[in-house]
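*Asks:* The following block contains the structure, expressed as structure tokens.
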Amino acid sequence: MEFVILGILFVAVLVFISSRIRRVTGRAFEPEVIETEEFSIIKPEGFIHPLNDKSEYAFEAYSREFGKKEAGTFRQAQAVVRVHSDFKLDENAQKIPADNIPEDQEIYFLESEKIENEVTVQTIQKIIEVPRKGKVYELKISALKEHKEDFLRSINEMLDSFRVK
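Note that our numbering has the sequence shown beginning at 1, numbered continuously upward.
If you want it as structure tokens, here you go:
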């Protein structure tokens with residue numbers, strides 16, 4: 001009889017812990033404003049921002065879902081921010097109108113497409129040059145071509161919200 005009671009208690013504790021874990025991990029994919037000393041960005045719903053102090057990126061976020069078939073090792077979408085002190089701007093970069101940006105910054109956009117392991121990945125970059133700091137901030141958002149439309153709202157939200165202080 002004592003084993004039955006202990007078994008029931010054990011199962012109840014496992015159910016409680018499991019539901020708690022599900023609730024916490026579900027919150028990780030909710031929208032969130034990420035603020036650092038140098039920039040801010042909104043991480044949209046459906047993306048997770050792993051806390052990794054040893055990351056090569058100032059910010060990173062990626063979708064929960066992976067691609068299908070040959071794209072099975074690729075996230076459907078991901079975003080990273082790099083901070084450069086030495087950066088050569090691509091000649092195809094398109095400068096945005098000056099009335100939309102702080103006067104001490106230059107903002108450029110680049111779009112590209114490349115094939116990696118037979119998988120087409122489309123990339124949009126927002127590059128913010130801040131001469132007074134001697135730094136360039138690069139937001140690079142990549143999405144699998146067949147899923148880009150699914151992430152357009154999230155991509156635009158990140159592009160619009162990415163600001164250098």
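Ideal Cβ placement from N, Cα and C applies to all residues, glycine included.
1) Would S40 pass as a contact of R153 if the rule is Cβ separation under 8 Å?
2) Report the three-state DSSP secondary structure of H84 (helix, strand or coil).
3) Count the other C-beta atoms from every protein chain shown that fall within 10 angstroms of the C-beta of V33, then say buried if there are 16 or more, exposed otherwise.
4) Going by the beta-carbon positions, is the gap between A58 and T36 smaller than 8 Å?
5) Using C-beta distances below 6 Å, list every residue in its chain close to E65, excluding the 5 sequence neighbours before and after it, in chain order.
6) At which residues does the beta strand (DSSP E) containing L51 begin and terminate?
7) Rounded to a whole number of angstroms, what is the C-alpha to C-alpha distance between K88 and E146?
8) Where do the ends of the alpha helix (DSSP H) carrying L152 lie?
9) Which of the three DSSP states is assigned to A71 in this structure?
10) For K148, name the three-state secondary structure that DSSP assigns.
11) Run the CB neighbour count on E70, radius 10 Å, all protein chains shown included, and call it buried at 16 or more, exposed below.
12) So what does L139 bridge to, in DSSP terms?
*Replies:* According to the structure data:
1) no
2) strand
3) exposed
4) yes
5) Q76
6) L51 -> no beta strand (DSSP E), and no H or E assigned at all.
7) 30 Å
8) 152–161
9) helix
10) helix
11) exposed
12) V81, K126
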